[in-house]
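Participant: Residue numbers (the working numbering): 36 to 487.
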Amino acid sequence: MSNPRNRQVCPRKRDLETRIEVIKPNKTLFAVFRLDKAHMIWRNIAIAAVLLLSFFQSATAQDWNQWRGPNRDGLVPATNAPSSWPESLRKLWRVEIGEGYASPIVSRGRVFVHGRRDPDEVVSAIDLAKGKIIWQQTYRAPFQKNQYAVSMAKGPNATPLVLGDRLFTLGVTGVLSAWDTSKGVQLWTKDFSKTVDTSKLFCGTAASPLTSGGLVVVQVGSDVHGGQMLALDPATGSQKWEWRGAGPGYASPVVIDVAGKVQIVTMTDSSIVGIDAKTGSELWSTPFPDEWHENIVTPLWTGSHLVVSGTRQGTHAYTLQQANAKWQATEVWKNPDVAMYMSSPVYGDGLIYGHSSKRKGQFVALDAKTGVLRWSTEGRDGDHASVLLTPSHVIYLTNGADLIIARRATKTFEVERRYDVADAATWAMPVLLGGDILVRDATGLIRLTPGT
């Protein structure tokens, strides 16, 4: 990928020879003809035109304000998905943000991202068009990870949330902070670090905050101290309700509507739980044990089935029903041969598209109603892949920085494009912005755009 600033121009001459510079953002072509005396004026006009095009492209895209997008399901709105994919992508900008696995989010022309420069955690607001840091805040967050997680970074793991003019971050030690999105002022904070024990929760807090009914909802704790889910007033941080139960896994909760009943469904370290979104009362639970407490995959609601998966449990689907005023989850199918470890699936075309940890990584498609495997790749497709679904494609970003654009297909895996998007590992969920894409690597955030 070439730097967009390294464009060749004709050498300077004293006579009135015209020089031409060609700028190719996306599919639009600007040809700027300029005389030496007007060089700087036309150069500024050209740069402004490119930035203006970038702004309008971003403005037409829907905000991506939380984990896995507006509905936490990995579905990319049509306004954010390109109509076609180019032969190549180039780097528009890259900015250092620190280590971490939290995905970037986008709201009102700004990118918000949570990172770490040990022993501090760093919260950054970045101009989406220019790639310039608007504000950056740090706070001390000492964290001692478990010896079994020695190869992993020290977080943060949870993706931030934007609600109105407030940004909410949940750090690896369980520190929840509310920030003003405009200037980065810290408005309030809640410290749950005393409830986090890494004897089993090796990598610390990971559940991304969500919003339901205008409240901010977080899941914290550990198997030693037990788990909590709390609904908080976004303005003040005051508690509206609380659920207590088993310690969390690493999965993020989701909000679903089942026959008019709004529920928050989450994974603990040993079960799946449905919680009343208005009161915090537990509606139902069903066992989903893992010997290493690695329930990592975000639950997926298809409208009729709740799909969950684990690296040692395989993939399971449940129906949720109320009978005699009691809710219950009933398992309707399971596929032990498709085991999703850290990769959360998406739903479309009657299929569950995902990434299985079997055979050193396989892309798979399951029948959502039966769990039958429709197709799979041969293997060696990476330890992890973030998965997104556009109206026409399935997008996979592997931890090896391989961005794969596949057609939505019911019978076979069909690759349309493949890009190498970074020089370091890419564990976080990418964000689509029309023709552009945001990718987080080991320490930086990259904006890619069509071109060479």
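For every residue, glycine included, the Cβ atom is placed at its ideal position computed from N, Cα and C.
So the candidates are Gly-282, Ile-299 and Pro-283; which of them puts its Cα closest to the Cα of Val-289?
Facilitator: Nearest to Val-289 by alpha-carbon distance, out of Gly-282, Ile-299 and Pro-283, is Ile-299.
Participant: Can you tell me which of the three DSSP states Asp-71 falls into?
Facilitator: Residue confidence for Asp-71 is low, a pLDDT of 47 falling below 50, so the modelled location carries little weight and cannot support an answer.
Participant: Pull up the CB-CB distance for Gly-262 and Pro-283, whole angstroms please, since I reckon it's below 8 Å.
Facilitator: 5 Å
Participant: Helix, strand or coil, according to DSSP, for Asn-115 in the structure here?
Facilitator: helix
Participant: Taking the DSSP output, what are the residues bridged to Lys-165?
Facilitator: Answer is none; Lys-165 lacks a bridge partner.
Participant: Please name the residue in Ala-281, Thr-337 and Glu-317 whose C-alpha comes closest to that of Ala-360.
Facilitator: Glu-317
Participant: Shortest alpha-carbon distance to Pro-8 belongs to which of Gly-470, Val-259 and Phe-178?
Facilitator: There is no way to answer for residue 8, as the model of the chain reaches only from 36 to 487.
Participant: If you measure between the beta carbons of Met-375 and Thr-350, is that distance less than 8 Å?
Facilitator: yes
Participant: Is the segment 413-431 close to the segment 440-450, with three or more CB pairs under 8 Å?
Facilitator: Contact between the segment 413-431 and the segment 440-450 is present, because at least three Cβ pairs lie under 8 Å.
Participant: According to DSSP, is Arg-452 helix, strand or coil?
Facilitator: strand
Participant: Report the rounded CA-to-CA distance for Leu-423 versus Thr-301, giving the unit in angstroms.
Facilitator: 20 Å
Participant: Give the DSSP-derived three-state secondary structure of Arg-394 in the structure shown.
Facilitator: The three-state secondary structure of Arg-394, taken from DSSP, is helix.
Participant: If I measure Cβ to Cβ from Gly-135 and keep anything under 7 Å in the same chain, skipping five residues before and after, which residues do I get?
Facilitator: Residues His-149, Gly-150, Arg-151, Ala-188, Gly-190 and Pro-191 of the same chain have their beta carbon placed closer than 7 Å to that of Gly-135, with the five preceding and five following residues left out of the count.
Participant: In terms of residues, what are the limits of the beta strand (DSSP E) holding Gly-280?
Facilitator: Taken as a continuous stretch (DSSP letters only), the beta strand (DSSP E) holding Gly-280 covers 274-280.
Participant: Out of curiosity, what's the CA-to-CA distance linking Lys-72 and Ser-379?
Facilitator: Annotation note: pLDDT 46 at Lys-72 (below 50); position unreliable, coordinate value reported separately. So the alpha carbons of these two residues sit roughly 56 Å apart.
Participant: Whole angstroms is fine: what's the gap from Val-130's alpha carbon to Ser-159's?
Facilitator: 10 Å
Participant: Compute the Euclidean distance between the alpha carbons of Asn-115 and Leu-355, then round it to the nearest angstrom.
Facilitator: 32 Å
Participant: For Arg-183, does the three-state DSSP call read helix, strand or coil?
Facilitator: The residue you asked about is not Arg; residue 183 is Tyr in the sequence shown. Here Tyr-183 sits in helix by DSSP.
Participant: Measuring alpha carbon to alpha carbon, tell me which residue in Val-251, Leu-335 and Ser-247 is nearest Thr-204.
Facilitator: Val-251
Participant: Where does Glu-156 fall in DSSP's three states?
Facilitator: DSSP places Glu-156 in strand when its eight states are reduced to three.
Participant: Taking the alpha-carbon positions, what's the Arg-415 to Ile-307 distance?
Facilitator: About 30 Å.
Participant: Please classify Asn-106 as buried or exposed, where buried requires at least 16 other C-beta atoms within 10 Å of its C-beta.
Facilitator: Residue burial is scored here from C-beta neighbours: Asn-106 has fewer than 16 other C-beta atoms within 10 angstroms and is therefore classed as exposed.
Participant: Using three-state DSSP, classify Pro-60 as helix, strand or coil.
Facilitator: Caution is warranted here: a pLDDT of 36 is assigned to Pro-60, below 50, making its placement in the model unreliable, and no coordinate value can be reported.
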